[in-house]
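Residue numbers (full-length UniProt numbering): 1 to 981.
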């Protein structure tokens, strides 16, 4: 029998069997009584069945303190907490009433009120009390978790591969963006082949774009006006790539082209917004994704706006089609520093790509001018943006850059950087073709960009942003359904308020406890255990990456992405579960499981609040992630409690984690899609698996702590560990000993090849007198990932047999590097294949004059002539220092080299269109008693034939034919000459 005694209650008797626990007494304990609402200090009189009695008397039945008094007939318990309102109905709904006589109680209580000890099973240790929640096996709960996350992953995959329906002329208005038109442009432009700056194909693309613009200009409605200008530019500047491990170098260009279109109201306008793309490509690539699709979208946007009679622009829209972005951002520099329309530009939108297809992502904004991203959020019908991308890009993890940087740094104007990031395997390869851009992709991009441009061109903030000129924004989309945008200063207030809310809520709970120190101890232990859990997750993932590196199996996930699950995720999950199982059997063995479920939920929120505080103090806009991990579960927990869902149940933890788990999976899916292909072109130095393992651990440590309480509330957790370990071992065995671990694929349906550069070279080394003392030729085989030549040597030994290890024997290793990447792709880890000498012109250089300025200074004047792309490497001799030269920003900047190369080295990237000669000079300082007529510098000049008849030789074609299908080569010819001046 159960009765309630207290001045505020009349005695009420209910029949109930008490053998279960709940967590409803102030969120910590419940003795599962079907009673009315109880106030603090009410007395319970219970008839306790035999199987529950010993636990209640010993106090192991609950983690909350209570006072009890045994009599021969009754047990009085003085509770320290009150039950929540409405509890009685919930208990009645979830438990069956049974008749319980006091005889059960009396059988195990002696006349002195002492409990008779429970007999121990023969040959076994006394087992801890298990509640009804614990009767569910941990394997069932684990399967629920796995199913939950598989469904989330499938939903995210489906969502990120959905596109709006493409529009066609027959069913659309003339002023709508039509993918049909954009795709027709794309097929024509990519049909020209690779469009390297200075090539005939580049010029043909230029002519087609101009032709299309002229046609649009003729058909433009009278409310708008279109002006076209073709700009030829020359210039030079410095690029700082220190953050990606390259250093600084100087870029020089001559006679390059920009196609510039100004769409303005018929009455004219002073200020402008600009949108930019580039129609050039790298060697051998048709460049459908990078970046022809963007240029085709811009052409169609220009046509659609020009056919809209209702458009009333306040500002001009400038369309920039630049011809040499792949020449390391050259022609965008020429436009923004030299074109007369550049001064009118107040904001810009840059369109680029690191793949082909997918959702276009806003990954950089600003600097400052938060109104820009707010405008995007208001205008874009299909938003996809995140400040996570911006902060990742600024870390230097991404070995590339876009024209956004040039407009920002040299034009000092704010903008939006938008790029496609899906299917990076085809980026800068021969596979970057129009067929890899799915239907609806260009429609999505066109709808978004056109809406943004029209909004910007109609906004008064373009001219006068007012208070929104300064500051940063926190911005992100939620699965593409909507955008969340708010100022960073507001995020600081919100973050601090959330931090205080978490701790005030916890303090309030402490104040209602008779023994707050016990709750404090448990919660602190929970927080510390979760910190250790995070460390275990990260260490396990990185440890697995190190093991794979030691075994030579890096990039095992490159083609088979699901390998990430059993290589990185499952090991860290298993290690974390094992850690908590040890805690459950040792530190928390006498703590109520339901209490532990609540403590872990509270501890997880407290830990995330500490992360939130740290990121807020660091000024990171990505602090919204821990904010989401606090607010969404807190709200969900409250709703679930009101609905009567038990907080120790798996359903409670799954639903509570739904929003952060869904968002974390969404972001991780995007990052994996973006970063995994990049690992195949990040260079031979460093283990790329460490980055992927780190990203995997972040997803795990976000999601797992929401569910880790199942270790305490479910039985047979060891079975989960055993089964998961078996899966890990099976997956690891497959990776190590079967084709499932082979990184590359060359099949049409699963194109993820190894990238390699094939350079048929001629080298000549000149003495101080100019006499050639060394000549050699060959094909330089240069893979650009961690495995370098390993897999070619292992799987195609007959191909490799005639090759020899490449050497490093000159300025910048004496190798015709096209880009400054010596420290990323060490020449000594590459191969030289035999090949016949080239029949092409070498770069010619003449020392025109040598002026002695004083006893310590000399000025050298040079004239150089070569193919459209020339790279120059200069190193100083001892006691020599180059002070100035007459290009770039006048002061030489060093590029990174190998640790064994101690002399300062400078890298110059020169490109031009047409038949030009470059004249340049440099001032040199001789230190000490340096003889200024002695050798001062060594200079290497590499002439690159990236297009035309001289690009490919029969030796290159023969080697390409012999290579396995899983290698995607990029081939050209190059000369190298080294001089001493």
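For each residue, glycine too, the CB sits at the ideal point set by N, CA and C.
Assigned secondary structure, residue i (DSSP; H/G/I helix, E/B strand, else coil)
i	result
residue 486	strand
residue 365	strand
residue 535	helix
residue 750	strand
residue 859	strand
residue 961	helix
residue 409	helix
residue 773	strand
residue 437	coil
residue 682	coil
residue 873	strand
residue 744	coil
Rounded C-alpha distance that separates residue i from residue j
i	j	result
residue 506	residue 528	16 Å
residue 349	residue 370	14 Å
residue 97	residue 590	Note that residue 97 scores 34 on pLDDT, short of 50, meaning its location in the model is unreliable; the coordinates nonetheless yield the value given after this. Cα-Cα distance, rounded: 28 Å.
residue 926	residue 424	48 Å
residue 951	residue 201	14 Å
residue 458	residue 379	12 Å
residue 486	residue 415	17 Å
residue 142	residue 709	11 Å
residue 764	residue 776	7 Å
residue 284	residue 426	12 Å
residue 243	residue 887	23 Å
residue 257	residue 749	37 Å
residue 550	residue 489	46 Å
residue 278	residue 203	13 Å
residue 588	residue 714	14 Å
residue 620	residue 930	51 Å
residue 302	residue 218	12 Å
residue 983	residue 573	No statement about residue 983 is possible, as the shown extent of the chain runs from 1 to 981 and does not include it.
residue 751	residue 157	19 Å
residue 306	residue 914	35 Å
residue 979	residue 934	13 Å
residue 180	residue 172	11 Å
residue 737	residue 678	25 Å
C-beta atoms of residue i and residue j nearer than 8 Å
i	j	result
residue 720	residue 577	yes
residue 584	residue 711	yes
residue 255	residue 916	yes
residue 895	residue 237	no
residue 778	residue 835	yes
residue 263	residue 224	yes
residue 1052	residue 703	This structure does not reach residue 1052, given that the chain is present from 1 up to 981, and the question cannot be answered.
residue 541	residue 697	yes
residue 495	residue 911	no
residue 680	residue 785	yes
residue 794	residue 688	no
residue 684	residue 826	yes
residue 976	residue 814	yes
residue 325	residue 403	yes
residue 304	residue 177	yes
Whole-number beta carbon distance between residue j and residue i, since they are thought to touch under 8 Å
i	j	result
residue 859	residue 936	In fact, because the Cβ distance is near 11 Å, the residues do not count as touching under 8 Å.
residue 450	residue 182	Not confirmed; about 11 Å, so no contact.
residue 966	residue 754	6 Å
residue 476	residue 385	7 Å
residue 492	residue 616	6 Å
residue 872	residue 824	That belief does not hold up - the Cβ atoms of residue 872 and residue 824 are roughly 19 Å apart, past 8 Å.
residue 838	residue 862	At roughly 24 Å, the Cβ-Cβ gap does not stay under 8 Å, so residue 838 and residue 862 are not in contact.
Proximity test, Cβ basis, 8 Å: residue i and chain D
i	result
residue 474	The displayed structure is made up of one protein chain only, and chain D is not part of it.
Touch test, the region 231-244 against the region 192-200, Cβ-Cβ under 8 Å, three pairs minimum: no
Tell me, please, whether the region 726-735 touches the region 932-947 by the rule of three or more beta-carbon pairs shorter than 8 Å. no
Does the region 289-296 touch the region 167-178, meaning 3 or more C-beta pairs lie closer than 8 Å? no
Counting Cβ pairs closer than 8 Å, one from the region 506-523 and one from the region 594-608, do we hit at least three? yes
Touching or not, the region 338-358 and the region 261-275, by the rule of three or more beta carbon pairs under 8 Å? yes
Tell me, please, whether the region 891-907 touches the region 956-974 by the rule of three or more beta-carbon pairs shorter than 8 Å. no
Counting Cβ pairs, one atom from each stretch, are 3 or more of them under 8 Å apart for the region 136-155 and the region 656-676? yes
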